[in-house]
Amino acid sequence: DAYNLRQGLIEANREFEKFNAELNSIYRMFGHKENLVNLSSLNNDIEAVKQNIIDLENKRLEIKSTPSAEVSIDTSKRIRELVSKIEELSNKLSKYSDNRLETQVELNETTLFLRSLEQRKSALGESQITYNSLGTITFKYCPSCLEPLESAGSDNCGLCKSPKHNSEKDFAYSQLLNELNFQISENKKLVKSFEDDLLTIDSQTPLIKQELNALKSELKEINSSTDEKEAELLKISTEIGFKQSQVISLEEKREQVSNVDNLQRKKVLAQNKINELQEKLDAISARQEQRYVSVYENIESKAKELLKADGGYEGAFDDPDDIVFDFSKDKMYVNGRNKFSASSMVVLKNSIRFSIFSQSADDSYSRFPNLILMDNIEDKGMVVERSQNFQRQMVEVCNTIKNDFQLIYTTSMIASELEGTTMCVGPFYEKGSHTLEF
Numbered sequence: 001d002a003y004n005l006r007q008g009l010i011e012a013n014r015e016f017e018k019f020n021a022e023l024n025s026i027y028r029m030f031g032h033k034e035n036l037v038n039l040s041s042l043n044n045d046i047e048a049v050k051q052n053i054i055d056l057e058n059k060r061l062e063i064k065s066t067p068s069a070e071v072s073i074d075t076s077k078r079i080r081e082l083v084s085k086i087e088e089l090s091n092k093l094s095k096y097s098d099n100r101l102e103t104q105v106e107l108n109e110t111t112l113f114l115r116s117l118e119q120r121k122s123a124l125g126e127s128q129i130t131y132n133s134l135g136t137i138t139f140k141y142c143p144s145c146l147e148p149l150e151s152a153g154s155d156n157c158g159l160c161k162s163p164k165h166n167s168e169k170d171f172a173y174s175q176l177l178n179e180l181n182f183q184i185s186e187n188k189k190l191v192k193s194f195e196d197d198l199l200t201i202d203s204q205t206p207l208i209k210q211e212l213n214a215l216k217s218e219l220k221e222i223n224s225s226t227d228e229k230e231a232e233l234l235k236i237s238t239e240i241g242f243k244q245s246q247v248i249s250l251e252e253k254r255e256q257v258s259n260v261d262n263l264q265r266k267k268v269l270a271q272n273k274i275n276e277l278q279e280k281l282d283a284i285s286a287r288q289e290q291r292y293v294s295v296y297e298n299i300e301s302k303a304k305e306l307l308k309a310d311g312g313y314e315g316a317f318d319d320p321d322d323i324v325f326d327f328s329k330d331k332m333y334v335n336g337r338n339k340f341s342a343s344s345m346v347v348l349k350n351s352i353r354f355s356i357f358s359q360s361a362d363d364s365y366s367r368f369p370n371l372i373l374m375d376n377i378e379d380k381g382m383v384v385e386r387s388q389n390f391q392r393q394m395v396e397v398c399n400t401i402k403n404d405f406q407l408i409y410t411t412s413m414i415a416s417e418l419e420g421t422t423m424c425v426g427p428f429y430e431k432g433s434h435t436l437e438f
């Protein structure tokens with residue numbers, strides 16, 4: 001279930017990012033001003049521009065029926081307006097260009113600085129790991145004269161005998177790490193701000209260029225015309241063409257805005273699905289954590305009983321408070337201790353292994369097979385009485401297991417009450433005889 005949920009979560013996140021990217025693309029078209037993404041407002045704008053076109057068409061008809069002398073005054077006035085507007089837009093475009101260049105430089109420098117901060121943070125972590133690793137090295141002999149060194153205690157350097165200041169070093173590392181994290185966070189905000197500024201500039205520049213080119217084209221047509229009436233008609237035709245291009249642009253935006261509601265709805269649904277899947281995964285993780293604790297405690301309890309019944313060969317086994325085993329570190333502890341005699345280590349290791357087996361044998365959720373092979377219980381100087389006692393404890397536990405299982409156990413010290421029973425399989429090999437005869 002957890003695997004399927006994680007796959008579903010990946011797919012839901014992918015869907016969410018897809019819808020979010022499409023929405024951001026539309027918002028960029030409006031210069032990241034979400035209040036402008038309004039279908040009603042766009043419809044009004046389109047109708048207003050279309051009305052302007054109708055007015056211009058009427059004006060063109062009016063000019064055609066007006067004497068040329070009356071047109072010249074309007075033409076001169078229009079030329080002055082065009083020159084003023086072209087100058088204004090050119091200055092605005094130049095300012096946008098300068099701002100973009102300046103912002104791009106700031107973005108590049110901030111990005112490089114952010115990268116250097118992250119490298120410094122990584123280097124700091126490596127430095128601390130190196131120090132912690134090297135700090136555990138102890139010298140038995142002086143590296144200069146090779147004479148034996150006297151122990152200086154854990155609070156002093158084993159070589160120069162100077163007091164250690166580990167707490168001060170740890171505090172310095174922590175302080176520097178916090179400072180780097182703060183700077184990285186602030187620089188990421190700056191990078192995001194610069195990127196947003198660039199997107200705004202890039203979205204506005206094409207509109208200014210489009211209007212500027214239309215005005216220049218109109219001015220050129222007026223200047224190249226010898227008849228002022230013709231020039232006025234050309235000007236109106238240019239304005240009509242510009243307005244028509246505005247209508248096309250607004251129609252394209254309206255099509256995108258019409259899709260916004262649908263995309264927002266899909267985005268919300270994707271987010272709800274993400275939340276639902278994450279809640280289920282969190283619930284599974286909580287159950288897994290509870291099960292881990294329950295299974296671990298059960299194994300620990302079984303191992304404790306086996307150690308208590310060991311027969312007093314190891315004092316720490318008589319009444320252990322806690323048993324800890326860590327497969328990743330290949331470590332086992334009883335009351336925080338992991339050093340015992342060789343035979344006691346064999347008993348400890350096999351008690352834990354057998355407890356894992358006996359717990360899983362009656363656990364329907366366990367993936368551990370109901371099979372265990374134990375062929376090393378008599379290593380490391382194991383005495384007969386201790387080995388036979390462990391055999392009896394295993395048989396007693398096995399009698400409580402309800403499901404089918406198989407325990408394969410090799411011994412040369414078989415307990416007398418088990419000898420000759422159905423539990424024994426195969427011949428007994430005397431010293432000097434071998435399982436394989438060639």
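Counting from 1, one number per residue, gives the positions in the sequence shown under full-length UniProt numbering.
We put the beta carbon where it would ideally sit given N, CA and C, even for glycine.
Is it right to say leucine 61 is buried, meaning 16 or more other beta carbons lie within 10 angstroms of its own, or is it exposed?
The sequence position of residue 61 within the sequence shown is 61, counting from 1. The residue is exposed, with fewer than 16 neighbouring Cβ atoms inside 10 Å.
According to DSSP, what are the bridge partners of aspartate 321?
By one-based count along the sequence shown, residue 321 stands at place 321. Answer is none; aspartate 321 lacks a bridge partner.
Nearest residue (CA-CA) to isoleucine 26, options Glu102, Asp55, Glu252, Asn91
On the sequence shown, residue 26 is found 26 positions in, with the first residue counted as 1. If we check each option's Cα against that of isoleucine 26, Glu252 comes out closest.
Residues near cysteine 398 by beta carbon distance below 8 Å, same chain, minus five either side
For the purposes of this step, residue 398 is taken as residue 398 along the sequence shown, with counting starting at 1. Answer for cysteine 398: Ser358, Phe405, Leu407, listed in chain order.
Could you check which residue in Tyr313, Pro427, Ile352 has the C-alpha nearest to that of valine 384?
Translated into the one-based positions of the sequence shown, residue 384 becomes position 384. The option with the nearest alpha carbon to valine 384 is Tyr313.
Considering leucine 407, what are the terminal residues of the beta strand (DSSP E) in which it resides?
Against the sequence shown, residue 407 aligns to sequence position 407. First-last of the beta strand (DSSP E) with leucine 407: 406-409.
Just to confirm, is the Cβ distance from leucine 212 to isoleucine 79 under 8 Å?
Translated into positions along the sequence shown, residue 212 becomes position 212. Translated into positions along the sequence shown, residue 79 becomes position 79. For leucine 212 and isoleucine 79, no; Cβs fall outside 8 Å.
Using alpha carbons as the reference points, say which of Asn187, Phe325, Asn99 lies closest to leucine 112.
The residue you call residue 112 lines up with position 112 of the sequence shown. For leucine 112, the nearest C-alpha among the options comes from Asn187.
Candidates Ser84, Met345, Leu199, Leu56: closest to asparagine 99 by CA position:
Working through the sequence shown from its first residue, we reach residue 99 at position 99. If we check each option's Cα against that of asparagine 99, Leu199 comes out closest.
Would you kindly report the start and end of the unbroken beta strand (DSSP E) that includes methionine 382?
Indexing the sequence shown from 1 puts residue 382 at position 382. Segment: none, methionine 382 is in no beta strand (DSSP E) and carries neither H nor E.
Start-to-end residues for the beta strand (DSSP E) that takes in lysine 331:
What you label residue 331 is simply residue 331 of the sequence shown in a count that begins at 1. First-last of the beta strand (DSSP E) with lysine 331: 331-334.
Given a threshold of 16 other Cβ atoms within 10 Å of its Cβ, counted over all protein chains shown, does serine 97 qualify as buried or as exposed?
In the sequence shown, residue 97 corresponds to position 97, counting from 1. Exposed is the call here.
What did DSSP end up calling tyrosine 3 once you bin it into helix, strand or coil?
Mapped onto the sequence shown, residue 3 falls at position 3. Note: tyrosine 3 maps to helix in three-state DSSP.
Counting Cβ pairs closer than 8 Å, one from the stretch 329-344 and one from the stretch 412-426, do we hit at least three?
no
In this structure, what does DSSP give as the bridge partners for aspartate 196?
The residue labelled residue 196 in the question sits at position 196 within the sequence shown. Partner(s): none; aspartate 196 has no beta bridge.
Pull up the CB-CB distance for glutamate 150 and tyrosine 141, whole angstroms please, since I reckon it's below 8 Å.
Within the sequence shown, numbered from 1, the residue matching residue 150 stands at position 150. Within the sequence shown, numbered from 1, the residue matching residue 141 stands at position 141. Wrong, their Cβ atoms sit about 11 Å apart, outside the cutoff.
Pick helix, strand or coil for proline 206, following the three-state DSSP scheme.
As a first step, residue 206 is located in the sequence shown; it is residue number 206 there, counting from the start. Three-state result, proline 206: helix.
Grab me the residues of leucine 306's own chain with a C-beta within less than 6 Å of its C-beta, minus the 5 sequence neighbours each way, in chain order.
For this step, residue 306 is matched to residue 306 along the sequence shown. Taken in chain order, the residues that qualify are Ser351, Gln393.
From methionine 413 to leucine 277, what distance separates their C-alpha atoms?
On the sequence shown, residue 413 is found 413 positions in, with the first residue counted as 1. On the sequence shown, residue 277 is found 277 positions in, with the first residue counted as 1. Computed Cα separation, rounded: 56 Å.
Residue burial classification, serine 416 (beta-carbon count within 10 angstroms, cutoff 16)
Against the sequence shown, residue 416 aligns to sequence position 416. Counting Cβ neighbours within 10 Å, serine 416 comes out exposed, since fewer than 16 surround it.
CA-CA distance, valine 334 and glutamate 419?
Against the sequence shown, residue 334 aligns to sequence position 334. Against the sequence shown, residue 419 aligns to sequence position 419. Those two C-alpha atoms are separated by around 33 Å.
Reduced DSSP category for arginine 337 - H, G, I as helix; E, B as strand; rest coil
Against the sequence shown, residue 337 aligns to sequence position 337. If DSSP states are grouped into helix, strand and coil, arginine 337 belongs with the strands.
Identified DSSP bridge partners for leucine 234:
Within the sequence shown, the letter at position 234 stands for residue 234. Looking at the DSSP assignment, leucine 234 forms no beta bridge with any residue, so it has no partner.
Rounded to whole angstroms, how far is the Cβ of aspartate 45 from the Cβ of leucine 250, which I believe are closer than 8 Å?
As a working mapping, residue 45 is identified with position 45 in the sequence shown. As a working mapping, residue 250 is identified with position 250 in the sequence shown. Right, the Cβ-Cβ distance comes to about 6 Å (below 8 Å), so this counts as a contact.
Beta carbon of arginine 120, beta carbon of leucine 180: below 8 Å?
Here residue 120 refers to the residue found at position 120 of the sequence shown. Here residue 180 refers to the residue found at position 180 of the sequence shown. It is a contact, given that the beta carbons lie within the stated cut-off.
Please confirm whether any heavy atom of the ligand ATP lies closer than 7 Å to the CB of arginine 287.
The ligand ATP is absent from the structure shown, which contains no ligands of any kind.
Alpha carbon of asparagine 370 to alpha carbon of alanine 361, nearest angstrom
For the purposes of this step, residue 370 is taken as the residue at position 370 of the sequence shown. For the purposes of this step, residue 361 is taken as the residue at position 361 of the sequence shown. If you take the alpha carbons of asparagine 370 and alanine 361, they lie about 5 Å apart.
One question on the structure: do leucine 219 and leucine 82 come within less than 8 Å of each other, judged by their Cβ atoms?
Numbered from 1 along the sequence shown, position 219 holds the residue referred to as residue 219. Numbered from 1 along the sequence shown, position 82 holds the residue referred to as residue 82. Result yes, Cβ atoms of leucine 219 and leucine 82 sit closer than 8 Å.
One question on the structure: do isoleucine 53 and isoleucine 240 come within less than 8 Å of each other, judged by their Cβ atoms?
By 1-based counting over the sequence shown, the position of residue 53 is 53. By 1-based counting over the sequence shown, the position of residue 240 is 240. Yes. Within cutoff.
Do isoleucine 377 and valine 346 have their beta-carbon atoms positioned less than 8 Å apart in this structure?
Here residue 346 corresponds to residue number 346 of the sequence shown, with the count starting at 1. Here residue 377 corresponds to residue number 377 of the sequence shown, with the count starting at 1. Yes. Within cutoff.
CA-CA distance, glutamine 7 and glutamine 290?
Against the sequence shown, residue 7 aligns to sequence position 7. Against the sequence shown, residue 290 aligns to sequence position 290. Straight-line Cα distance between these residues: approximately 23 Å.
Between the Cα of lysine 302 and the Cα atoms of Ile323, Ser387, Asn108, which residue gives the shortest distance?
By one-based count along the sequence shown, residue 302 stands at place 302. With distances taken between Cα atoms, lysine 302 lies closest to Ile323.
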